[in-house]
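S.K.: Got a structure for you, questions after.
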Amino acid sequence: MTESPVLSVEDLTVAFDTPRGTLTAIEELSFEVRTGETVCLVGESGSGKTVAGETITRLIPTPPGRVLNGSVRFDGYDLTAASERELRSIRGNRIAHVFQNPQGALDPAYSVGHQVAETIQLHEDDPRAEDRAIELLDAVGLPNPGRAAGQYPHQLSGGVKQRVVIAAALAADPDVLIADEPTTALDVVTQAQILRLLAELQAERDLGVLFVTHDLGVVAEVADRVVVVYAGRVMERGPVDAVLSDPAHPYTRALLASLPGRGEGMEPLDGSFPDPQDRPAGCLFHPRCPHAVEACRESVPDEMAIGPERTAACIYYGPDFETSELDDEPGFDSSGSEDEPGFQASALDDQSDFESSDPEEDSR
Ligand code: SF4
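In this note's numbering, each residue's number is its place in the sequence shown (first place is 1) plus 1.
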């Protein structure tokens, strides 16, 4: 893996104008994706992670969406200020998206081979587009790509359709792939197959991948680094093994404690997100945080360095508090047990080793 960032998001703040007023979706969000690595943006539904992914290529509807501050750096461009012409040369070409619902991404009136070929033609006039479409369907693991190319979306399962969408996303040989909950609509076996496929394609093509998910199991499976987002702000970031085995921020700890089968059992996260129109002062997590003190309500905590490439935005990592006080959190034992420190990626190994003999089988 090289260390060069291929995509840098800096201090990005995005809001939506609605009849109720201005709703802040993400606030001062920064992260980078390097060539050949997978960065996971993780948080509950509504945390702003999808808005972040879509703002990168300006897919959010504007209006009502507005970038209030920040930049998205890619290959010398600031995509928040790029012209439509510049964006068209990058979106789907250099930066490709894969979304949750493959059905919505495919046109029911055309064969999937035609649709992949059409995507190739969008980016370059290639008389071999039909043949290249079949090659791409082969690359995403369809065992009979020539036959699959002639099939229509309604003839294919969700898993096969998602492979077709991934093939289309790879048509222009992008530098960055933004995958937004690409396996959420799939059964657990197909999910494991698609995750493995994405990992293989990333390694082959040296892609930078931004993976947006609410699922810490998926994070454990695919991430090199993880950025934990709450109400549009970064709570914690770091290498995936460090964050999942030794979570620092109370929100990350609460997310992990809410996983079924962890430790003493599932501890649902109490409370709900702050109203995006009426965000609380101070730490956004304080209304739900068992460790909140008066200082948490007074100012937004900075992200503080807590280890190699690790930060946590919590006052307990500042000079005036002891992090050991966080270990008393009800329902969470930060020390874990010898057998279960935090969350282990290997917990998914059994699942991901399962493969159906034919990815097309589930299309019937
Ligand atoms: S700053 Fe305060 S409210 Fe926020 S996570 Fe830390 S202890 Fe909880």
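We put the beta carbon where it would ideally sit given N, CA and C, even for glycine.
#1: Within 8 Å, do at least three Cβ pairs link the segment 285 to 298 to the segment 29 to 38?
#2: If distances are taken between C-alpha atoms only, which option among P248, Y231, P146, G233 comes closest to G239?
#3: Determine the DSSP secondary structure at C41, reduced to helix, strand or coil.
#4: What does the alpha-carbon distance come out to for the pair A130 and S158?
#5: Please report the Cβ distance between A296 and E304, rounded to the nearest whole angstrom; I am assuming they are in contact, meaning their Cβ atoms lie under 8 Å.
#6: Are L187 and G209 closer than 7 Å when you measure CB to CB?
#7: Take I179 and list the residues in its own chain whose beta-carbon comes closer than 6 Å to its own, dropping the five residues that flank it on each side.
#8: Start and end of the alpha helix (DSSP H) containing E222?
#9: Hey, out of E182, P275, L138, whose CA is closest to L217's CA?
#10: Taking only beta-carbon atoms, is P175 less than 7 Å away from chain C?
#11: Could you tell me which of A224, V213, A149, A106 sits nearest to A204, measuring between CA atoms?
#12: Closer than 6 Å to a non-hydrogen atom of the ligand SF4 - does that hold for the CB of H155?
#13: Are the segment 124 to 139 and the segment 100 to 109 touching by the rule of at least three beta carbon pairs closer than 8 Å?
#14: I need the boundaries of the beta strand (DSSP E) containing Y231, first residue and last residue.
#15: At a cut-off of 6 Å, is A293 close to the ligand SF4 when judged by its beta-carbon and the heavy atoms of the ligand?
#16: Please classify Y78: does DSSP put it in a helix, a strand, or coil?
#17: Note down, one range per segment and in chain order, each beta strand (DSSP E) of at least 3 residues found wholly within the segment 41 to 113.
#18: If you run the structure through DSSP and keep just helix, strand and coil, what is L137?
#19: Measuring from the CB of F1, is there a heavy atom of the ligand SF4 at a distance below 6 Å?
#20: Determine the direct distance from the alpha carbon of V117 to that of H155, and round the result to whole angstroms.
#21: Taking just the CA atoms, how far does V301 sit from S246?
#22: When you measure from the CB of P251 to every non-hydrogen atom of the ligand SF4, does any distance come out below 6 Å?
#23: With distance defined between alpha-carbon atoms, name the residue in Y78, V166, A243 nearest to G105.
#24: Does V235 pass the burial test, meaning 16 or more other C-beta atoms within 10 Å, or should it be called exposed?
#25: Tell me where the alpha helix (DSSP H) around D242 begins and ends.
#26: When you compare the segment 8 to 22 with the segment 59 to 72, are there three or more beta-carbon pairs, one atom per stretch, that lie closer than 8 Å?
#27: Report the residue ranges of all beta strand (DSSP E) runs contained in full by the segment 120 to 204; include only those spanning at least 3 residues, in chain order.
#28: Could you round the C-beta distance between E232 and L270 to whole angstroms and report it? I think they count as a contact, below 8 Å.
#29: So, with DSSP's three-state summary, where would you put V7?
#30: Decide if D79 is buried, meaning its Cβ has at least 16 other Cβ atoms within 10 Å, or exposed.
#31: Is S273 helix, strand or coil when you go by DSSP?
#32: List the endpoints of the continuous beta strand (DSSP E) containing T253.
#33: Out of E299, R148, F32, which one is the CA nearest neighbour of V40?
#34: Between which two residues does the beta strand (DSSP E) harbouring S325 extend?
#35: The beta strand (DSSP E) spanning R311 covers which residue range?
#36: Quick one, which of T58, E28, A140, P320 has its alpha-carbon nearest N94's?
M.R.: So, from the data block:
#1: Segments in contact, no.
#2: Of P248, Y231, P146, G233, the residue nearest in Cα terms is P248.
#3: DSSP places C41 within a strand segment (E or B) once states are collapsed to three.
#4: Roughly 24 Å between the two C-alpha positions.
#5: At roughly 16 Å, the Cβ-Cβ gap does not stay under 8 Å, so A296 and E304 are not in contact.
#6: No Cβ-Cβ contact shorter than 7 Å links L187 with G209.
#7: Excluding sequence neighbours, I179 sits near G54, H98, L211.
#8: Annotation: the continuous alpha helix (DSSP H) that includes E222 extends over 217 to 223.
#9: Ranking E182, P275, L138 by Cα distance to L217 puts E182 first.
#10: Given the protein chain composition of this structure (a single chain), no chain C is represented.
#11: The shortest Cα separation from A204 among A224, V213, A149, A106 belongs to A224.
#12: H155 has its Cβ no nearer than 6 Å to any heavy atom of the ligand SF4.
#13: Here the segment 124 to 139 does not lie against the segment 100 to 109, with fewer than 3 beta-carbon pairs under 8 Å apart.
#14: Bounds of the beta strand (DSSP E) holding Y231 are 226 to 231.
#15: Under cutoff, so the answer is yes.
#16: Correct three-state label for Y78: strand.
#17: Fully enclosed beta strand (DSSP E) runs of no fewer than 3 residues occupy 66 to 75, 96 to 99 of the segment 41 to 113, in order along the chain.
#18: DSSP places L137 in the helix class (H, G or I) of the three-state scheme.
#19: In the structure displayed, the chain extends from 2 to 365; residue 1 sits before or after that span and is not available.
#20: H155 and V117 have their C-alpha atoms some 16 Å from each other.
#21: Cα-Cα distance, rounded: 26 Å.
#22: Yes, the Cβ of P251 comes within 6 Å of a heavy atom of the ligand SF4.
#23: Closest option to G105, Cα to Cα, is V166.
#24: Sixteen is the threshold: when 16 or more other Cβ atoms of the shown chains lie within 10 Å of the Cβ of V235, as they do, the residue is buried.
#25: Unbroken alpha helix (DSSP H) run through D242: 241 to 246.
#26: Short answer: they touch.
#27: Counting only runs of 3 or more, we get 177 to 181.
#28: The question names Glu, yet the displayed sequence has Ala at residue 232. Here A232 is actually not in contact with L270; their C-beta atoms are around 13 Å apart, not less than 8 Å.
#29: V7 falls in the strand class under three-state DSSP.
#30: Result: exposed.
#31: The answer is coil: DSSP assigns S273 none of H, G, I, E or B.
#32: From DSSP, T253 is part of no beta strand (DSSP E) but of the alpha helix (DSSP H) over 251 to 258.
#33: With distances taken between Cα atoms, V40 lies closest to F32.
#34: Membership of S325 in any beta strand (DSSP E) is not indicated, and neither H nor E is assigned to it by DSSP.
#35: Looking at the DSSP string, the run of the beta strand (DSSP E) that includes R311 is 311 to 313.
#36: The shortest Cα separation from N94 among T58, E28, A140, P320 belongs to T58.
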